[in-house]
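Asks: In full-length UniProt numbering, the protein residues as written are 1 to 436. By construction, the Cβ of each residue, glycine as well, lies at the ideal position given by its N, Cα and C atoms. First, the structure itself, so that you have it in front of you.
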């Protein structure tokens, strides 16, 4: 079957599957109707899958092809950036009263340190390469069961420093007192291939599960040795993980549309399953949203709470975008939309980021901080518990999503940013099992 014919079939199946969901919602009270409709779509799904069964293209899934295309686009972006730098291309100047991107961050491995980058590509799930890997710890009480690792519980994760070079992620372990001349390093391919040969494992973060790929014993042994317990490195592999909380264009408390038994089955099928999820908010191994935006004035407000001469470490907030702005601290609490750069990329801001005790970790020692700078969370709790949806946690930063038209666009340090939508009141954080 040619790609042209397949594209036409995919379009038709897309329309049929969406029509099916509408009919299911209308006839949800009639089990016979739902079962009949389900049988029809199941047959269509099987029919769409059979032409590819057993063929070489089938071995390279649609997700793998998408990942390859995105990787090539990212590499092209990097080449163009290099050319621009060599030609000393000038970025647009900041107009009086406007905002500007001062830093961009990507975190290839969830909860390890981040990589400051000069530019980053927007995707539906977050910046390209952001939170595409996660470390899982074996549950001692249930061998063979895994749970995701986070700085708030395992503070020594901050001793691992990732760096990105072309197709390789290099992770350097720097414990206190280690010599820079003798680093402990492991290299990981940014786009692992032959995923079908790898063990699939479930990753359940904040009650939103997905599947990932265990990259094997080499990486397990390297990380396990340094953590002192059994760890595996897992790659996302384009398996969507649903956003259960605040979504663009939806009221607080209105997460993704619930699926009944039939739609759950169909969502797991090749082709149709991926089509049905296109309109859902999805992420990789991010916490609650694809993007996190913070500002320099709010960062400075935290610094003035610390002892004289101590500056708040911006990396502890694990943001993707840091903005330079003349607006007062915490003004971002009310922002609803940002428009960025000459292409007009849009970030839709939907919720507040409630903070945890990871702010108190000393990034030099990998342990809880001492003194006043080790009590940042408590200092913020005095006046930053401003969201009833997470009433026990102080707020710092705004969660956001790239608009559909912005996917594939590139943000750069120095880009001018305009706040194009302002909310009359603060949004309320929502995520089943997390919000209050």
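#1: Going by C-alpha distance, which of 385, 299 and 287 is nearest residue 434?
#2: Between residue 368 and residue 376, how many whole angstroms is the CB-CB distance? I'm expecting something under 8 angstroms.
#3: Taking residue 221 as the reference, give the member of 212, 213, 214 and 231 with the closest Cα.
#4: Does DSSP classify residue 441 as helix, strand or coil?
#5: Could you give the first and the last residue of the continuous beta strand (DSSP E) run that contains residue 399?
#6: Do the stretch 382-391 and the stretch 283-297 touch if we need at least three Cβ pairs shorter than 8 angstroms?
#7: Residue 362 by DSSP, collapsed to three states: which one?
#8: Using the rule of at least 16 other Cβ atoms within 10 Å of the residue's Cβ for burial, across every protein chain shown, is residue 165 buried or exposed?
#9: What number of angstroms, rounded off, separates the C-alpha of residue 370 from the C-alpha of residue 157?
#10: Taking 9 angstroms as the cut-off, decide whether the C-beta atoms of residue 104 and residue 119 are in contact.
#11: Any idea what DSSP makes of residue 297, helix, strand or coil?
#12: Just the Cα atoms here: how many angstroms apart are residue 340 and residue 417?
#13: I'd like to know whether the C-beta atoms of residue 401 and residue 436 end up nearer to each other than 9 angstroms.
#14: For residue 407, which residues of its own chain have a beta-carbon under 7 angstroms away from its beta-carbon, when the five flanking residues on both sides are left out?
#15: Going by beta-carbon coordinates alone, are residue 324 and residue 295 separated by less than 9 angstroms?
#16: For residue 149, which beta-bridge partners are listed by DSSP?
#17: Could you check what DSSP says for residue 407 in three-state terms: helix, strand or coil?
#18: Considering only DSSP beta bridges, list what residue 438 is partnered with.
#19: What are the residues that DSSP puts in a beta bridge with residue 284?
Replies: Taking the coordinates as given:
#1: As a working mapping, residue 434 is identified with position 434 in the chain shown. For the residues 385, 299 and 287, the minimum Cα distance to residue 434 belongs to 287.
#2: Numbered from 1 along the chain shown, position 368 holds the residue referred to as residue 368. Numbered from 1 along the chain shown, position 376 holds the residue referred to as residue 376. With a Cβ gap of about 11 angstroms, residue 368 and residue 376 do not count as contacting.
#3: Taking the first residue of the chain shown as position 1, residue 221 is located at position 221. For residue 221, the nearest C-alpha among the options comes from 231.
#4: Nothing in the structure corresponds to residue 441, since the chain is present only between 1 and 436.
#5: The residue labelled residue 399 in the question sits at position 399 within the chain shown. It spans 395-402 - the beta strand (DSSP E) in which residue 399 sits, taken as one unbroken run.
#6: no
#7: In the chain shown, the residue the question calls residue 362 occupies position 362. Strand.
#8: Indexing the chain shown from 1 puts residue 165 at position 165. Label assigned to residue 165: exposed.
#9: The count along the chain shown starts at 1 and reaches residue 370 at position 370. The count along the chain shown starts at 1 and reaches residue 157 at position 157. In a straight line, the C-alpha of residue 370 is about 18 angstroms away from that of residue 157.
#10: Residue mapping note: residue 104 aligns to position 104 of the chain shown, counting from 1. Residue mapping note: residue 119 aligns to position 119 of the chain shown, counting from 1. Against a cut-off of 9 angstroms, the Cβ pair of residue 119 and residue 104 comes out as a contact.
#11: As a working note, residue 297 is residue 297 in the chain shown. Note: residue 297 maps to helix in three-state DSSP.
#12: Residue numbering aside, residue 340 sits at position 340 when the chain shown is read from its first letter. Residue numbering aside, residue 417 sits at position 417 when the chain shown is read from its first letter. If you take the alpha carbons of residue 340 and residue 417, they lie about 5 angstroms apart.
#13: Locating residue 401 in the chain shown gives position 401, where the first residue counts as 1. Locating residue 436 in the chain shown gives position 436, where the first residue counts as 1. Going by C-beta atoms, residue 401 is not nearer than 9 angstroms to residue 436.
#14: By 1-based counting over the chain shown, the position of residue 407 is 407. Here the set comprises 122, 123 and 124.
#15: As a position in the chain shown, residue 324 is number 324, starting the count at 1. As a position in the chain shown, residue 295 is number 295, starting the count at 1. Yes, the Cβ-Cβ distance between residue 324 and residue 295 is below 9 angstroms.
#16: Taking the first residue of the chain shown as 1, we reach residue 149 at position 149. BP columns for residue 149 are empty, so no partner.
#17: Your numbering for residue 407 matches position 407 in the chain shown. Three-state result, residue 407: coil.
#18: The structure shown does not extend to residue 438, since the chain is modelled only from 1 through 436, so no value can be given for it.
#19: Within the chain shown, residue 284 is the residue found at index 284, counting from 1. Its beta-bridge partners do not exist; DSSP assigns none.
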